[in-house]
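J.: I have a structure I would like to understand better, so I am pasting it below and will then ask my questions one at a time.
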Amino acid sequence: MTSSDDLEARLLDLGEFLDVPSPPPAEVARAVRARLEVPAPEAPAVTDGRGALRRGWGALRAGGRARRRAVVAAVAILVALLLGATPAGRAAVVEILRFAGVELRIGDPGPLPSWAPQPLPGERRVTLEQAGRQVAFPITVPTALGEPAEVRVGDGGRVVSLLWPGLRLDEYDGGLLPVYRKELGPPWPLETRVGDVEAQWIPAHHGLTYLPRGGGETEARPRAAGPTLIWRRGQVGLRLEGPEDIGRALEIARSVR
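If you're matching positions, the sequence shown starts at 0 in numbering that gives the first Met the number 0 and goes up one per residue.
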């Protein structure tokens, strides 16, 4: 028989592997309430004989388990209600999507960060030809925009940024490790396509944080970013920031050569 202390310890261990559910807290609460409305089995009356005694004892154990489940469910309802009632709780209900080297945290991001754009680690201005020699991936340029007004390489060649007035195209290794983090609220990201490649359109201003190659994430300062289109060419991630509508963003992205 499992003791209550052992049960508590197992629940705490299980909590280390649980992620916050994406459904709204109100839906979680309704689902748990529905489970609670199922009555726990009552223990049958014990008469005489060993068989009846065993049946009675088994029913008592089942009733104990049902009560424990009810306690856990009640705690889940309380947590769900608290999550929905407080700003900190709503911010904790976040769906995390990793796409093309960008971590999208979709939930309640709070106010936009006030930090001005910061240069990437070791960022410096270079020519397009110099940038091609300093990175390990092919650099592409959208023909719809022509030659960039400025080219920058940052974080030891991890990111190349092409800049035009009001527009920025970041190119980087879009593999397993995220390069950027975006804190997103409504209106939600829209799934679209650049040719036959999946893309994500972020229509609203949002918080953007660069995640350095060697860590140091806690020192990274978020900044406010404009509407952005994210997609991938092979293993290269591309982040086009600045177009005010999806039509213009897709026109630029489709012209990348």
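Glycine included, C-beta positions come from ideal geometry on N, C-alpha and C. As the structure is a prediction and not an experimental result, all values here were calculated from the model.
#1: Spatial neighbours of Phe16 within its chain, please: C-beta separation below 7 Å, excluding the five flanking residues on both sides.
#2: Classify Leu228: buried if its beta carbon has 16 or more other beta carbons within 10 angstroms, exposed otherwise.
#3: In chain order, which alpha helix (DSSP H) runs of at least 4 residues are fully inside the stretch 162-198?
#4: Would you check if the distance between the CB atom of Trp257 and the CB atom of Arg192 is smaller than 8 Å?
#5: Which complete beta strand (DSSP E) runs does the stretch 200-254 hold, if anything under 3 residues is left out?
#6: Where does the unbroken beta strand (DSSP E) through Glu94 begin, and where does it stop?
#7: Select from Thr126, Tyr171, Arg231 and Gln133 the residue whose C-alpha is nearest the C-alpha of Pro147.
#8: Taking 7 Å as the limit between beta carbons, can you name the residues of its chain near Gly131, skipping five residues before and five after?
#9: With 8 Å as the threshold, decide whether the Cβ of Leu103 is near any Cβ in chain B.
#10: Looking at the structure shown, is Leu103 part of a helix, part of a strand, or coil, going by DSSP?
#11: Using DSSP with H/G/I as helix, E/B as strand and the rest coil, what is Gly145?
T.: On the basis of the coordinates in this document:
#1: Its pLDDT being 49, under 50, Phe16 is placed unreliably by the model, and the measurement read from it follows with that caveat. Once the five neighbours on either side are set aside, Phe16 has no close Cβ partner at all.
#2: buried
#3: none
#4: In the structure displayed, the chain extends from 0 to 256; residue 257 sits before or after that span and is not available.
#5: 205-209, 222-224, 227-232 and 235-240
#6: Glu94 to Phe98
#7: Thr126
#8: Ile138
#9: No chain B is present in this structure, which holds just one protein chain.
#10: strand
#11: coil
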